[in-house]
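K.L.:
Quick one: structure below, then a few questions.
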Amino acid sequence: DTGVSQDPRHKITKRGQNVTFRCDPISEHNRLYWYRQTLGQGPEFLTYFQNEAQLEKSRLLSDRFSAERPKGSFSTLEIQRTEQGDSAMYLCASRPSPGGPGEQYFGPGTRLTVT
Amino acid sequence: EDQVTQSPEALRLQEGESSSLNCSYTVSGLRGLFWYRQDPGKGPEFLFTLYSAGEEKEKERLKATLTKKESFLHITAPKPEDSATYLCAVGSGTYKYIFGTGTRLKVLA
Numbered sequence: 144d145t146g147v148s149q150d151p152r153h154k155i156t157k158r159g160q161n162v163t164f165r166c167d168p169i170s171e172h173n174r175l176y177w178y179r180q181t182l183g184q185g186p187e188f189l190t191y192f193q194n195e196a197q198l199e200k201s202r203l204l205s206d207r208f209s210a211e212r213p214k215g216s217f218s219t220l221e222i223q224r225t226e227q228g229d230s231a232m233y234l235c236a237s238r239p240s241p242g243g244p245g246e247q248y249f250g251p252g253t254r255l256t257v258t
Numbered sequence: 049e050d051q052v053t054q055s056p057e058a059l060r061l062q063e064g065e066s067s068s069l070n071c072s073y074t075v076s077g078l079r080g081l082f083w084y085r086q087d088p089g090k091g092p093e094f095l096f097t098l099y100s101a102g103e104e105k106e107k108e109r110l111k112a113t114l115t116k117k118e119s120f121l122h123i124t125a126p127k128p129e130d131s132a133t134y135l136c137a138v139g140s141g142t143y144k145y146i147f148g149t150g151t152r153l154k155v156l157a
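Note that the protein sequences, when read in sequence, are chains A and Y. Residue numbers for the first sequence follow the working numbering, so the first one is 144 and each next one is one higher. Residue numbers for the second sequence follow the working numbering, so the first one is 49 and each next one is one higher.
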């Protein structure tokens with residue numbers, strides 16, 4: 144399968160714990176996005192990487208959230224000191240290189256539940 | 049502020065009953081309008097990209113159209129397997145994408 148993969152698919156954690164999610168984009172895609180989606184809402188932009196550079200972060204992204212993309216391949220999203228309001232589906236998407244079509248290809252998501 | 053609004057929020061159709069979903073947008077400098085399908089518990093699946101007013105795209109029973117202020121997703125003779133949430137998104141600023149809240153479509157056999 145050559146699509147976007149995410150790990151884990153589900154995570155249950157207690158409030159105050161740290162969690163880390165991983166995203167492996169489609170191999171030839173150098174653009175990577177993280178989104179958060181809650182029930183009944185559309186995906187909400189969190190951050191964007193072009194290769195290893197993080198070029199944009201949402202103002203909604205608190206300092207408890209950090210994302211990395213070392214070597215421009217896979218990416219990780221870490222949430223420190225989780226809160227119940229962080230419960231959501233976290234989606235990763237990738238896009239082809241500049242000049243290519245603008246559509247994004249999404250992974251299956253990581254569902255986070257904070258108890 | 050860039051914004052995407054989708055209507056209706058939910059739609060129930062009988063199998064074979066054609067209808068349209070609406071996506072209205074406000075964006076400074078459209079970098080494309082995108083339609084996605086999302087099944088429960090899964091990530092969105094790309095359907096169409098539209099870049100300029102008057103453009104149309106088709107795939108099976110779906111047809112997407114674009115004007116300067118809105119896009120329509122027309123569903124012709126839908127089947128139960130077309131049941132899903134349909135999301136609309138626009139490119140915003142240099143890198144961001146803004147999604148609407150979606151239309152939940154249920155097609156009854």
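Ideal Cβ positions, reconstructed from N, Cα and C, are used throughout, including at glycine. Quantities reported herein were computed from a predicted structural model and do not represent experimental measurements.
Just by C-beta distance, which residues in the stretch 118-144 of chain Y are closer than 7 Å to chain A?
P.N.:
L135, G139, Y143, K144
K.L.:
At a CB-CB cut-off below 8 Å, which residues of chain A make contact with Y:R79?
P.N.:
For the purposes of this step, residue 79 of chain Y is taken as the residue at position 31 of the second sequence. In chain order: G245.
K.L.:
My output table needs one value for Y:E65: the three-state DSSP class, helix, strand or coil.
P.N.:
The residue labelled residue 65 of chain Y in the question sits at position 17 within the second sequence. The answer is coil: DSSP assigns Y:E65 none of H, G, I, E or B.
K.L.:
Tell me which residues share the same chain as Y:L25 and place their Cβ nearer than 8 Å to its Cβ, disregarding the 5 neighbours each side in the sequence.
P.N.:
With chain Y covering only 49 through 157, there is no way to say anything about residue 25 of chain Y.
K.L.:
Report the partner residues of A:E199 according to the DSSP bridge assignment.
P.N.:
Locating residue 199 of chain A in the first sequence gives position 56, counting from the first residue. For A:E199, which the question treats as bridged, DSSP gives the partners A:Y191.
K.L.:
Report back the beta-carbon spacing between A:V147 and A:Y248 to the nearest angstrom; my notes put them in contact at under 8 Å.
P.N.:
As a working note, residue 147 of chain A is residue 4 in the first sequence. As a working note, residue 248 of chain A is residue 105 in the first sequence. That belief holds up - the Cβ atoms of A:V147 and A:Y248 are roughly 6 Å apart, short of 8 Å.
K.L.:
Can you find a C-beta in chain A that's less than 9 Å from the C-beta of Y:P92?
P.N.:
Indexing the second sequence from 1 puts residue 92 of chain Y at position 44. Yes, Y:P92 lies at the interface with chain A (some Cβ there is under 9 Å from its Cβ).
K.L.:
How would you label Y:I146, buried or exposed, when you count the other beta carbons within 10 angstroms and need 16 or more for buried?
P.N.:
Along the second sequence, read from residue 1 onward, the residue named residue 146 of chain Y stands at position 98. By the 10 Å Cβ count, Y:I146 comes out buried.
K.L.:
Would you identify the three-state DSSP class for Y:E173, choosing helix, strand or coil?
P.N.:
With chain Y covering only 49 through 157, there is no way to say anything about residue 173 of chain Y.
K.L.:
Say whether the stretch 78-87 of chain Y touches the stretch 230-242 of chain A, bearing in mind that this needs 3 or more beta-carbon pairs closer than 8 Å, one atom from each stretch.
P.N.:
no
K.L.:
Write down the C-beta distance between A:A231 and A:T181 rounded to the nearest angstrom, noting that I regard them as a contact closer than 8 Å.
P.N.:
Working through the first sequence from its first residue, we reach residue 231 of chain A at position 88. Working through the first sequence from its first residue, we reach residue 181 of chain A at position 38. Yes, A:A231 and A:T181 are in contact; Cβ-Cβ is about 5 Å, under 8 Å.
K.L.:
Taking the alpha-carbon of A:K157 as reference, which of A:E246, A:G250, A:T225, A:E221 has the nearest alpha-carbon?
P.N.:
Position 14 of the first sequence, counted from the first residue, corresponds to residue 157 of chain A. Among A:E246, A:G250, A:T225, A:E221, the Cα nearest to that of A:K157 is on A:T225.
K.L.:
Residues in its own chain within less than 7 Å of Y:S131 by CB, not counting five upstream and five downstream?
P.N.:
The residue given as residue 131 of chain Y occupies position 83 in the second sequence. Once the five neighbours on either side are set aside, the close Cβ partners of Y:S131 are L153, K154, V155.
K.L.:
DSSP three-state call for Y:K105: helix, strand or coil?
P.N.:
If you number the second sequence from 1, residue 105 of chain Y lands on position 57. If DSSP states are grouped into helix, strand and coil, Y:K105 belongs with the strands.
K.L.:
On the three-state DSSP scale, how would you describe A:D229?
P.N.:
The count along the first sequence starts at 1 and reaches residue 229 of chain A at position 86. A:D229: helix per DSSP, three-state reduction.
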